[in-house]
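Counting in my numbering, the first sequence runs from -17 upward without gaps. Cβ atoms here follow ideal geometry from the backbone N, Cα and C, with glycine treated the same way. Note that the structure is predicted; figures quoted are calculated from it, not measured. Beneath this line is the structure, given in structure tokens, with notes to follow.
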Amino acid sequence: MATEEIQQEEQPATTTATGESSPQVYINQLSKHVGAEVTLRGWLYNLRSSGKLLFPQLRDGTGVVQCVVFKKAVAEEVWDALKNLGQESALSIRGTVRADERAPGGFEVDVVGAEVLHAVEGYPITPKEHGTEFLMDHRHLWLRSRRQHAILKVRHTVVRAVRDFLDNDNFTLADAPVLTPAACEGTTTLFEVDYFNDEKAYLTQSGQLYNEATAAAFGKVYCFGPTFRAERSKTRRHLTEFWMVEPEMAFAHLDDVMNLAERFVSSIASRVLEERQEELKVLERDTSKLELIVPPFPRLHYDDAVKMLHEGHERGELDARFEWGGDFGAPDETYISKQFEKPVMVHRYPAAIKAFYMARDPERPELALGVDVLASEGYGEVIGGGERATSLEFLEEQIKAHELPREAFEWYLDLRRYGSVPHAGFGMGIERCTAWMCGIEHVRETIPFPRMLYRIRP
RNA sequence: UGUGGCGUAGCCAAGCGGUAAGGCAUCGCACUGUUAAUGCGACCAUCGCAGGUUCGAUUCCUGCCGCCACAGCCA
């Protein structure tokens, strides 16, 4: 909150038509102006009336405040302009700030003057209930609603927490390209675009391989940007375009990644709790669940996770019996995470189901040194990562075994020819993390303009 | 892509073989403390599209389109 207050200093005073002036302020700054006359600029959120009284609620992006208009306190043309004003009309209001227990935000503004900048008729999103399709079609307007506003403010804090945590931990931002020449894991889940000279390029799925190059240059790095998956998945956890932050550390092992992941996730949760109490209240988030997100997180070996799933099946809490060797499905992940109050870190998955670049467990080569962080409350996988293989020969074999085009990986293999060291990292999806922090059902509300299987507009 | 569900006014929604409730929004009137204000009045519908069954279809059947949930895959 403190940094925001610095950014949102008063704007220069504006002069009204009658020559009077008062400082231009934002709604979240009203507490500093109690008793003073101020000018607010914003949009009409709602309007109630009672005889010679009007209660316009003004929204300016920083908050919503109820204003009070007494018919006798304003010029007749002001009263007439306000009394039938439509929702989302743009206006400037001049009035005196007053602390009032009856007001939701604690303050009210007694209006002495107002100027309608744009009168609106027929704003489609009313204060009543709407269906998903209607709201998604009006996403450009839906963003103005209190709940959406709260979610995106939490997202903003998640992003800041991510950057601050890594920057303060000596990570260097070294972004990976969005356009990439080849696929690391087949082309079926990649968006293809035309490059020059009949060449094909693909939108990145992950900055992973490039991170390994920058980690060898800077030691500890991260990339943070949009990633794209052309998966035909239609669930509450999937977007085709989402933002991912991927830290990578040279001279690091699986345990280092797990230590980093739990500190990282905990710092995000505590930052959200610290800065976004108002928003969490709007979202009716049970904040006691977020307060539990502190290190250490339970660490669960894949073998033990499988045992846990077998017990769940025997108790009839899971339909299918899980077979060792497979990847967890959504119901499996939910079951595992429900056994703990905190996020769980599941490590050492069968190598067969993990990416080609994963390092193997020296004691059990059939296992990969990978880790997934399963969020609490059934929010599923928010982090996936692990230790990378260091041996040139091993990677050459893996590329062959996965039937990947060797030429495309020559630059990557160079990283094993010139100063190859143990290194490890992970990726975290910003939208999944934000949905978890907010306690909301679907990731589509955690990004301003979601891109999904059947949704690319607006 | 598979399974299940749903498409009725600008929005939400009841009706499920006999000719379209109710609420919100909008418009008008009343009200000096409203909190999704309230009260009274007004306005708003080729019941997703195309066929079929029937004396008669929003209702039953078939196909198509759209949306939602779940699954696979993943962050």
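Inset, instruction - Look up Pro(-6) in the DSSP assignment and say whether it is helix, strand or coil. - result: Residue mapping note: residue -6 aligns to position 12 of the first sequence, counting from 1. With a pLDDT of 48 at Pro(-6), under the threshold of 50, the predicted position of this residue should be treated as unreliable, though the coordinate-derived value follows. Pro(-6): strand per DSSP, three-state reduction.
Inset, instruction - Please classify Ala302: is it buried, with 16 or more other beta-carbons within 10 angstroms of its beta-carbon, or exposed? - result: Here residue 302 refers to the residue found at position 320 when the first sequence is read from its first residue. By the 10 Å Cβ count, Ala302 comes out exposed.
Inset, instruction - May I ask you to list the residues that DSSP assigns as paired with His405? - result: Along the first sequence, one-based indexing puts residue 405 at 423. DSSP lists Ala232 and Arg370 as partners of His405.
Inset, instruction - Can you grab the Cα-Cα spacing for the pair Thr(-3) / Ser3, in whole Å? - result: The residue labelled residue -3 in the question sits at position 15 within the first sequence. The residue labelled residue 3 in the question sits at position 21 within the first sequence. Any reading at Thr(-3) is ruled out, since the residue's pLDDT is 47, under 50, leaving its predicted position unreliable.
Legend entry - Beta-ladder partner(s) of Ile365, from DSSP: For the purposes of this step, residue 365 is identified with residue 383 of the first sequence, where counting begins at 1. Its beta-bridge partners are Val355 and Met410.
Inset, instruction - Assign Trp306 to one of three DSSP states: helix, strand, or coil. - result: By one-based count along the first sequence, residue 306 stands at place 324. Coil at Trp306, not helix or strand.
Inset, instruction - Could you check what DSSP says for Asp176 in three-state terms: helix, strand or coil? - result: Position 194 of the first sequence, counted from the start, is the residue given in the question as residue 176. Three-state DSSP puts Asp176 in a strand.
Inset, instruction - Decide if the segment 335 to 344 is in contact with the segment 355 to 362; the criterion is three or more beta carbon pairs, one per stretch, under 8 Å apart. - result: Output reads no: the segment 355 to 362 does not touch the segment 335 to 344.
Inset, instruction - Starting from the C-beta of Met(-17), find all residues in its chain whose C-beta is less than 7 Å away, skip the five residues before and the five after it, and write them out in chain order. - result: The sequence position of residue -17 within the first sequence is 1, counting from 1. For Met(-17), the pLDDT reaches just 37, beneath the cut-off of 50, and the residue's location in the model is therefore unreliable, although a value from the coordinates is still provided. Excluding residues within five positions, the ones whose Cβ falls inside 7 Å are Glu257.
Inset, instruction - Check whether the Cβ atoms of Ala195 and Pro163 sit closer than 8 Å, and answer yes or no. - result: Within the first sequence, numbered from 1, the residue matching residue 195 stands at position 213. Within the first sequence, numbered from 1, the residue matching residue 163 stands at position 181. No, Cβ-Cβ distance for Ala195 and Pro163 is not below 8 Å.
Inset, instruction - Kindly indicate the opening and closing residues of the alpha helix (DSSP H) around Ile107. - result: Start at 1 with the first residue of the first sequence, and residue 107 comes out as number 125. Membership of Ile107 in any alpha helix (DSSP H) is not indicated, and neither H nor E is assigned to it by DSSP.
Legend entry - Within the segment 49 to 86, ranges of the alpha helix (DSSP H) (whole runs, at least 4 residues): Entirely contained in the segment 49 to 86, the alpha helix (DSSP H) runs reaching 4 residues are, in chain order, 58 to 65.
Legend entry - Beta-carbon gap between Glu323 and Leu351 smaller than 8 Å: Against the first sequence, residue 323 aligns to sequence position 341. Against the first sequence, residue 351 aligns to sequence position 369. No, they are not a contact pair.
Legend entry - DSSP three-state assignment for Asn241, whether helix, strand or coil: Start at 1 with the first residue of the first sequence, and residue 241 comes out as number 259. DSSP, reduced to helix, strand and coil, places Asn241 within a helical segment of the structure shown.
Legend entry - Residues bridged to Cys205 [DSSP beta-bridge criterion]: Working through the first sequence from its first residue, we reach residue 205 at position 223. For Cys205, which the question treats as bridged, DSSP gives the partners Glu228.
Inset, instruction - Go through its chain and collect everything with a Cβ distance to Leu12's Cβ below 7 Å, but skip five positions before and after it. - result: Against the first sequence, residue 12 aligns to sequence position 30. Contacts found: Val47, Val79 and Phe89.
Inset, instruction - Buried or exposed for His122, please, with buried defined as at least 16 other CB atoms from any protein chain shown within 10 angstroms of its CB. - result: By 1-based counting over the first sequence, the position of residue 122 is 140. When all chains shown are included, His122 counts as exposed.
Inset, instruction - Identify the continuous alpha helix (DSSP H) that holds Leu397 and give its terminal residues. - result: Indexing the first sequence from 1 puts residue 397 at position 415. For Leu397, the enclosing alpha helix (DSSP H) starts and ends at Glu392 to Arg399.
Legend entry - Residues near Arg439 in its chain [Cβ-Cβ closer than 6 Å; skip 5 each side]: Residue numbering aside, residue 439 sits at position 457 when the first sequence is read from its first letter. Apart from the 5 residues on each side of it in sequence, Arg439 has no Cβ closer than 6 Å to any other Cβ in its chain.
Legend entry - Within the segment 308 to 334, ranges of the beta strand (DSSP E) (whole runs, at least 3 residues): Counting only runs of 3 or more, we get 326 to 332.
Inset, instruction - Could you name the residues of the same chain whose beta carbon sits closer than 6 Å to that of Val355, not counting the 5 residues immediately before and after it, in chain order? - result: Locating residue 355 in the first sequence gives position 373, counting from the first residue. Hits under 6 Å: Ala243, Pro325, Met327, Val364 and Ile365.
Inset, instruction - Would you mind sorting Pro307 into buried or exposed? The rule is 16 or more other CB atoms within 10 Å of its CB. - result: In the first sequence, residue 307 corresponds to position 325, counting from 1. As written in the sequence, residue 307 is Gly, which differs from the Pro given in the question. In summary, Gly307 is exposed, with fewer than 16 beta-carbon neighbours lying within 10 Å of its beta-carbon over all protein chains present.
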